[in-house]
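Novice: Got a structure for you, questions after.
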Amino acid sequence: MPGFWRRLLGNRSALIGLVILAVVGVTAAAAPVLFPGSPFRRVDRPFQPPFGAHLFGTDVLGRNVAAGLAHGARTSLMIGILATTVAVLVGTLIGATAGYYGGRLDDVLMRTTEFFQTIPTFLFAIILVAILAPSIRSIVIAIAVVSWPGVARLVRGEFLAMRHREFVHACIGLGMSDRRVIFRHVLPNCLSPIIVTGSLTVATAILIESALSFLGLGDPNVMSWGFMIGAGRTFLRTAWWLCTIPGMAILVTVLAINLLGEGLNDTLNPRLRNS
Amino acid sequence: MLAGEAGSATPEYMAQLRQRFGLDQPVLVQLALYMKNMVALDLGFSFRYNMPVLTLILNRLGPTLLLMGVTLVLSVGAGVTLGILAASRAGSWRDTLISILALVSYATPLFWIGLMLVVVFSLKLDWLPTSGMETVAAFHEGWSRVLDIARHLILPAVTLSLFYMALYTRLMRAAMLEQAGMDYVTTARAKGLSEGRITLAHVVRNAVLPVVTVAGVQLGGLLGGSIVVESVFAWPGLGFLAFQALFARDFNLLLGIFFLSASLVVVVNLGVDLLYTFLDPRIQV
Numbered sequence: 004m005p006g007f008w009r010r011l012l013g014n015r016s017a018l019i020g021l022v023i024l025a026v027v028g029v030t031a032a033a034a035p036v037l038f039p040g041s042p043f044r045r046v047d048r049p050f051q052p053p054f055g056a057h058l059f060g061t062d063v064l065g066r067n068v069a070a071g072l073a074h075g076a077r078t079s080l081m082i083g084i085l086a087t088t089v090a091v092l093v094g095t096l097i098g099a100t101a102g103y104y105g106g107r108l109d110d111v112l113m114r115t116t117e118f119f120q121t122i123p124t125f126l127f128a129i130i131l132v133a134i135l136a137p138s139i140r141s142i143v144i145a146i147a148v149v150s151w152p153g154v155a156r157l158v159r160g161e162f163l164a165m166r167h168r169e170f171v172h173a174c175i176g177l178g179m180s181d182r183r184v185i186f187r188h189v190l191p192n193c194l195s196p197i198i199v200t201g202s203l204t205v206a207t208a209i210l211i212e213s214a215l216s217f218l219g220l221g222d223p224n225v226m227s228w229g230f231m232i233g234a235g236r237t238f239l240r241t242a243w244w245l246c247t248i249p250g251m252a253i254l255v256t257v258l259a260i261n262l263l264g265e266g267l268n269d270t271l272n273p274r275l276r277n278s
Numbered sequence: 023m024l025a026g027e028a029g030s031a032t033p034e035y036m037a038q039l040r041q042r043f044g045l046d047q048p049v050l051v052q053l054a055l056y057m058k059n060m061v062a063l064d065l066g067f068s069f070r071y072n073m074p075v076l077t078l079i080l081n082r083l084g085p086t087l088l089l090m091g092v093t094l095v096l097s098v099g100a101g102v103t104l105g106i107l108a109a110s111r112a113g114s115w116r117d118t119l120i121s122i123l124a125l126v127s128y129a130t131p132l133f134w135i136g137l138m139l140v141v142v143f144s145l146k147l148d149w150l151p152t153s154g155m156e157t158v159a160a161f162h163e164g165w166s167r168v169l170d171i172a173r174h175l176i177l178p179a180v181t182l183s184l185f186y187m188a189l190y191t192r193l194m195r196a197a198m199l200e201q202a203g204m205d206y207v208t209t210a211r212a213k214g215l216s217e218g219r220i221t222l223a224h225v226v227r228n229a230v231l232p233v234v235t236v237a238g239v240q241l242g243g244l245l246g247g248s249i250v251v252e253s254v255f256a257w258p259g260l261g262f263l264a265f266q267a268l269f270a271r272d273f274n275l276l277l278g279i280f281f282l283s284a285s286l287v288v289v290v291n292l293g294v295d296l297l298y299t300f301l302d303p304r305i306q307v
């Protein structure tokens, strides 16, 4: 795939997105080295403004904001990627089954999908996390549950379009098993829209996670950006940077993912470029 | 839990509580009962507020509908306008500027932009109130009350609109560009119509359809977003109620809100389908 990478890196928005994401990723990976110990640890007097003794100052309990940011990057990226993986896997499986077999099975699966789609996403996520008790696992489950229907519908559409192509008939005529046709022949042809949607789902997942932990539904043992904003909210008048800085981190990360997603879209579907 | 807070968790009292709320029944019986009550629009009883859930929800529905209505108008209006502006000079600096603005708003967490607006407009500039729906202590009447509510409405509505505005801007721009290449535009041009008239009377009318669809679909999302925004601004609507219910562990209330918002989405989608036939007479009901 050298051609793919060259085209992707030649795309301006994809390049910007990749660079920002690389910075966030490296910070997340290096968090235990850069800021050893728990990010919940007190390091100094509370409410130190940024660019003093500590890069981004300290919060109400004297915690280092920069350390929180680095450790929060781990949480955000991990939840975003895990939740998206689960959502894409489930969505692809259901969409592929519905699109390939059609008929009654398609009806049942698609009505179920629509049922999930009518439920207001964020409210649903909140209720799931509240019932399952806040933890990384329940947040991942909640985000995956609200995100898979979009993927399922997309994959079903792609499969419907492929189902009656000649190469599929040829495969069936050769006596291949359904599973082999679906995974070896049809799925690879639908991969590019799935990748694009997947990348955008990561962005939404990070936004949902930050909103959940802002409302106090995050995992209490893990530092996250949304939690930092929620904790700093009460001190908006005296220490506005406690909210501003983690918010900027979310904004930049999500923006980078969206840029990358757009770049991937342009690279993988060159035909759509001018529309 | 209730008993624990009352400070008298004797076994007799617990048993009495359980019986009163039907918690001594098997789970399936409880579910069946809940379903049966739901059909009759009886959403149960909120033990926290000591009020039926339905009354509680209906009390809070007004502010939320007000917020959502204003947001919808604001976001669709601004989104469509910006989309038209961007598409009419595709590739110019105006287009680039609007696209960047949309991209950034699309990536901003709602609650954060709300807090930042509070910092700028309420704390630093002191122009607008930080939270609530009206100044209760002022006892405004008539028009001054309307004005007061409007002042409180600005920040939450703008916050909630930004994200959707970005979405509609991008959609509108894409739809406008797609329509601009159609044959009927060439026909209109050949007829000697001015560019402005082609855009406004022909292209926009067709391009606005996908925006309407998405606006309908996004309504559920708007409700979800209003939870966050309402709890940031302490707007006394359904979202704030859901937030409070969540922390009071008042699940009857939470489920009631959940049920009502899901129904609302279904109703709105029906409305959008009807609106379609109005916007595009080619579509039959």
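Chains A and B are the protein sequences, given in the same order. The numbers in my numbering rise by one with no breaks, and the one at position 172 of the first sequence is 175. The numbers in my numbering rise by one with no breaks, and the one at position 258 of the second sequence is 280. Cβ atoms here follow ideal geometry from the backbone N, Cα and C, with glycine treated the same way. Fair warning: this is a prediction, and the values are worked out from it, not measured in the lab.
#1: Quick one: which chain A residues come within Cβ less than 7 Å of Tyr128/B?
#2: Going by the beta-carbon positions, is the gap between Leu292/B and Leu83/B smaller than 8 Å?
#3: Where does Asn81/B fall in DSSP's three states?
#4: Can you tell me whether Asn277/A is buried or exposed? The criterion is at least 16 other CB atoms within 10 Å of its CB, across all chains shown.
#5: For a test of the three-state rule: what should DSSP assign to Pro74/B, helix, strand or coil?
#6: Pick out whichever of Ala147/A, Phe170/A and Phe186/A has its Cα sitting closest to the Cα of Gly94/A.
#7: Please say whether Leu107/B and Arg116/B have beta carbons closer to each other than 8 Å?
#8: Would Ser195/A and Asn272/A be called neighbours here (beta carbons separated by less than 8 Å)?
#9: Going by the CB atoms, is the gap between Ile122/A and Ala284/B shorter than 8 Å?
#10: Taking all protein chains shown into account, do 16 or more other C-beta atoms lie within 10 angstroms of the C-beta of Asp222/A, making it buried, or fewer, making it exposed?
#11: What residues of chain A sit near Met138/B, judged by a beta carbon separation below 9 Å?
#12: Compute the distance between the beta-carbons of Leu268/B and Leu277/B, then report whether it is under 8 Å.
#13: Taking Cβ positions only, does Trp134/B come closer than 8 Å to chain A?
#14: Please confirm whether Ser202/A has its beta-carbon closer than 8 Å to some beta-carbon of chain B.
#15: How about the region 224-238 of chain B and the region 109-129 of chain A: do they share at least three Cβ pairs that are nearer than 8 Å?
#16: Give a yes or no on whether the C-beta atoms belonging to Thr93/B and Leu132/B are separated by under 8 Å.
#17: Just how far apart, CA to CA, sit Ser138/A and Ser41/A?
#18: So, helix, strand or coil for Asn272/A, using DSSP?
#19: Quick check on the DSSP output: the alpha helix (DSSP H) that includes Pro196/A runs from which residue to which?
#20: Could you compute how far the alpha carbon of Val171/A sits from the alpha carbon of Gly153/A?
#21: Taking C-beta pairs closer than 9 Å, name the residues in chain B that Ser213/A reaches, listed in chain order.
#22: Once DSSP output is grouped into helix, strand and coil, what is the label at Arg271/B?
#23: Taking Ile176/B as the query, report the chain A residues whose CB atoms sit under 8 Å from its CB, ordered along the chain.
#24: Roughly how far, in whole angstroms, is the beta-carbon of Leu24/A from the beta-carbon of Thr270/A, given that I think they are within contact range, below 8 Å?
#25: Determine whether the Cβ of Ser183/B lies closer than 8 Å to any Cβ atom of chain A.
#26: Hey, quick one: how far does the alpha helix (DSSP H) through Met113/A stretch, first residue to last?
#27: Please state the DSSP three-state secondary structure of Asn14/A.
#28: Suppose you measure from the CA of Asn81/B to the CA of Met90/B; what does that come to, to the nearest Å?
#29: Is the Cβ-Cβ distance between Leu239/A and Leu21/A less than 8 Å?
#30: For Leu276/B and chain A, any beta-carbon pair shorter than 8 Å?
#31: By the 10 Å Cβ neighbour count, where 16 or more other Cβ atoms means buried, how is Phe309/B classified, buried or exposed?
#32: DSSP three-state call for Asn224/A: helix, strand or coil?
#33: In whole angstroms, what is the alpha-carbon distance linking Arg192/B and Asp205/B?
#34: Between which residues of its own chain and Leu245/B is the CB-CB distance below 6 Å, once the five residues before and five after are set aside?
#35: State the Cα-Cα distance for the pair Ala164/A and Leu184/B, rounded to the nearest angstrom.
#36: DSSP three-state label for His167/A, please.
Specialist: Checking against the coordinates, here is how it stands:
#1: Asn261
#2: no
#3: helix
#4: Model confidence at Asn277/A stands at a pLDDT of 42, short of 50, so the residue's coordinates are unreliable; what they give is reported in the following sentence. Looking at its Cβ environment, which holds fewer than 16 other Cβ atoms inside 10 Å, Asn277/A is exposed.
#5: strand
#6: Ala147/A
#7: yes
#8: yes
#9: yes
#10: buried
#11: Trp243, Cys246, Thr247 and Gly250
#12: no
#13: yes
#14: no
#15: no
#16: no
#17: 18 Å
#18: coil
#19: Leu190 to Phe217
#20: 25 Å
#21: Pro131, Phe133 and Trp134
#22: coil
#23: Neighbours of Ile176/B on chain A: none; closest Cβ ~18 Å, over 8 Å.
#24: Incorrect: roughly 16 Å between the Cβ atoms, too far for contact.
#25: no
#26: Gly106 to Thr121
#27: coil
#28: 16 Å
#29: no
#30: yes
#31: Since the displayed chain B opens at 23 and closes at 307, residue 309/B lies outside it and no answer follows.
#32: coil
#33: 23 Å
#34: Ser283
#35: 36 Å
#36: coil
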